[in-house]
Amino acid sequence: MPDSTPPGARGQPAWCLLSISASHFATHALPASGRAAIGRGPSCTVRIDDPGIGEEHAALHVGEGFSIEDSGSAGGTWVRGERLAAGRAVPVRPGEPISLGPVLLVVHERTALQPRSFWTHGYFELRVEEECARASRRKGSFGILRVQVERGSEARAEEVLGRTLRLMDVLARYAPGQFEVLLCDAEPELVQVVNGRVADALGRAAIEHSIRVACYPRDGSNSYALMATLGSGAGAASPPAPAASGTAMRGIEAVVERVAGSDISVLILGETGVGKERLAETVHTRSARKERPFLRLNCGALSETLLESELFGHERGAFTGADRTKPGLLETAAGGTVLLDEVGELPASIQVKLLRVLEERKVLAVGGLQPRAIDVRFIAATNRDLEASVGRGVFRADLFYRLNAVTLVIPPLRERGDEVGPMAERFVAEFSRRLGKDAPPALSKEATALLLAYRWPGNIRELRNVCERAVLLCAGPEIRAEHLPLDRMSATVRLPAQAGPEAALLAGGEGDERERISHALAVSGGNQAAAADLLGVSRRTLLKRLDQYNLPRPRKGRG
């Protein structure tokens, strides 16, 4: 066993206090000597964010040895199976467990820890996608933090994040001065605790910072929605407005103009991130209800009990924790519009009650006896095929027909190629203003080609996220291909239609052929093999064409 005398004469404190509970795991540096207060209070030397810990729960005395005393806490301090009397210090040895309510403390010798790994943004997004799939299967949750620190403090911030966060958490560099953290298996309450702990640690290190938070499934059910939440800084992921309407959207806007002034129910269908919520807001703002509330409820983010309470409200004493009467969303939106987002996720029991509300325009609160009249317009949105859900018997046919008096189907972004360029320019300008740049950087030809060739599985949300990242990484007047996530985008690009392996190059003459080769190299990040695959030819044929047209061969590893 190591000598229990703290070697303060050697400079830095050589002892730490390890704290473990059901919700956290942390290591706290101890002073070389003196009294270290332990508790939740801001003045404590060792701060532990746990509801079972008092403001100043106990104190650890560091000197010739170690001793612990209780500060009159409600939860008590336990050593060797005995509860300590308040104010009485008891010696403890390194490695000996100390119980403070639900938290276990252990004094241990400080060791040189290996530095934490900070991954790339591309790897981080893959881990988030994996965590989404895992949480969906297990009905679990997790959180993401995006931490921005002042320039020049990145190295200190890495050290703070590395020692503050759990070993199971994933850390990545998003952009200069920005970090990302994946908090695996974390409920929203724990995410907020960790957020506070990180903020406190950065503050103690005198590092200027800001932190944005997103939680699954509250703020999104996929990586694109969660990243968009972090990018916008909003409490919930909200699809951005298009910069300009292309051909595919003009027909939808014409229908919106005709139906917005009525109270007819509208059903909006489309993939995740295409702008369903934004279109619903457009219907509301062009109606006579525009001065009244527009309220959104994500039907897939709440449990059945909470969903019923949020929609219809509850009376005092209706269930455990209902200490007051609470009006539901349908009542608080009086005179306005209610968007039922992800309506395809509604449980069967809620579908029955919602159908009754649509027919009678009255709501019965949980635990209530008398229904109350409401005046709201309903807009529903989902990325599911509701007709198929009706066919499988998981969605009521009568509710489906009530909701889809008018159906608007928003096409995915890959079918709206004429909108990608204007949207990207708008997002670049928006994020440049937010960052205080004098002028937004221009999109280079290579970057534009890559944006137009990509299939955008995350639709507008993903485009917004990519543009924000590009603006952060771009230090000059032009956004180039290397400022985009090439590792992800180059794998799913689409080139103009091709007639066959060799005809792909030769169709349209030499001028078109040269342009197609340059285009393929741009979207593949200079990777010759990937460019050859995109063009439908062998790598050898591609190299011959490069020599024929006197085009420079990309350097190895450029992509």
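Start counting at 1 in the sequence shown, then tack on 4, and there's your number in the numbering used here.
Ideal placement from N, C-alpha and C gives every residue a C-beta, glycine not left out.
Is it buried or exposed for residue i, if we count other Cβ within 10 angstroms and need 16 for buried?
| i | result |
| --- | --- |
| E135 | buried |
| Y127 | exposed |
| Q532 | buried |
| A503 | In this prediction, A503 has a pLDDT of 36, which is less than 50 and means its spatial position is unreliable; nothing more can be read from the coordinates. |
| I374 | Before going further, note that residue 374 is Gln rather than Ile in the sequence given. It counts as exposed. |
| D389 | exposed |
| L439 | exposed |
| S269 | buried |
| R557 | exposed |
| D173 | buried |
| T386 | buried |
| E193 | exposed |
| A248 | Only weak support exists for where A248 lies, its pLDDT of 45 falling under 50; the coordinates are left without a value. |
| V365 | Just to set this straight, residue 365 is Arg in the shown sequence, not Val. The residue is exposed, with fewer than 16 neighbouring Cβ atoms inside 10 Å. |
| D422 | exposed |
| R543 | exposed |
| P95 | exposed |
| T81 | buried |
| L547 | exposed |
| S140 | exposed |
| E506 | Reliability fails at E506, whose pLDDT of 40 lies under 50, so the model's placement of it is uncertain and no value is given. |
Whose C-beta lies closer than 6 Å to the C-beta of residue i among residues of the same chain, with five residues either side of it excluded?
| i | result |
| --- | --- |
| L403 | Q355, L359 |
| I24 | L108 |
| S77 | G58, H61 |
| L368 | P375 |
| V394 | A401, F404 |
| H318 | A326, K330, A369, V370, G371 |
| S157 | I211 |
| F70 | V96, V111 |
From this set, the options, which residue's C-alpha is nearest residue i's C-alpha?
| i | options | result |
| --- | --- | --- |
| V413 | V470, A284, H523 | A284 |
| R177 | L186, D379, G340 | L186 |
| E261 | T286, E349, I24, T411 | T286 |
| G181 | A161, A474, G166, R39 | A161 |
| V111 | R150, A40, R44 | A40 |
| R473 | P461, R459, A451 | A451 |
| Q552 | A526, V259, I521, G530 | I521 |
| E191 | K143, L550, F122, S103 | K143 |
| R296 | V380, G255, V83 | V380 |
| T411 | L525, A526, E519, E257 | E257 |
| R84 | G91, A90, I72 | I72 |
| S291 | R468, A536, F382, E113 | F382 |
What residue does the alpha helix (DSSP H) around residue i start on, and which one ends it?
| i | result |
| --- | --- |
| C471 | 463–477 |
| C48 | Run containing C48: none; DSSP gives neither H nor E here. |
| R543 | 543–552 |
| V96 | Looking at the DSSP string, V96 is not in any alpha helix (DSSP H); the run it does join, the beta strand (DSSP E), is 94–96. |
| L333 | 333–336 |
| Y127 | 125–142 |
| G166 | 158–168 |
| R4 | The question about residue 4 has no answer here: the residues shown for the chain are numbered 5 through 563. |
| T329 | From DSSP, T329 is part of no alpha helix (DSSP H); its letter is neither H nor E. |
| L299 | Element bounds for L299: not the alpha helix (DSSP H) but the beta strand (DSSP E), 298–302. |
| T452 | 449–457 |
Over the uninterrupted beta strand (DSSP E) stretch that includes residue i, give me the two end residues.
| i | result |
| --- | --- |
| D362 | For the sequence presented, residue 362 should be read as Leu rather than Asp. Here L362 belongs to no beta strand (DSSP E); instead the alpha helix (DSSP H) covers 352–364. |
| Y220 | 213–220 |
| P192 | Here P192 belongs to no beta strand (DSSP E); instead the alpha helix (DSSP H) covers 192–208. |
| C188 | Per DSSP, C188 belongs to no beta strand (DSSP E) and is neither H nor E. |
| L271 | 270–273 |
| S71 | 70–74 |
| E261 | Unbroken run through E261 is the alpha helix (DSSP H), 251–263; no beta strand (DSSP E). |
CB-CB under 8 Å to residue i, same chain, minus the five flanking residues each way: which ones, in chain order?
| i | result |
| --- | --- |
| P351 | E308, L311 |
| K294 | H288 |
| P416 | G274, E275, V278, W460, N463 |
| G339 | R293, R296, P297, D379, V380 |
Does the beta carbon of residue i sit closer than 8 Å to a beta carbon anywhere in chain D?
| i | result |
| --- | --- |
| Y178 | You won't find chain D in this structure, because it holds only one protein chain. |
Ignore the nearest five residues each way along the sequence and tell me which others in residue i's own chain have a CB closer than 7 Å to its CB.
| i | result |
| --- | --- |
| N226 | C136, T276 |
| V470 | L488, P489 |
| H32 | C20, L21, S23, V50 |
| D345 | E281, R300, L301, N302, C303, A385 |
| P101 | L108, V110 |
| A63 | R39, A40, A41, I42, E73, S75 |
| F435 | C471, E472, V475 |
Completely contained alpha helix (DSSP H) runs for the region 369–439, where each covers 4 or more residues: 390–396, 401–407, 421–438
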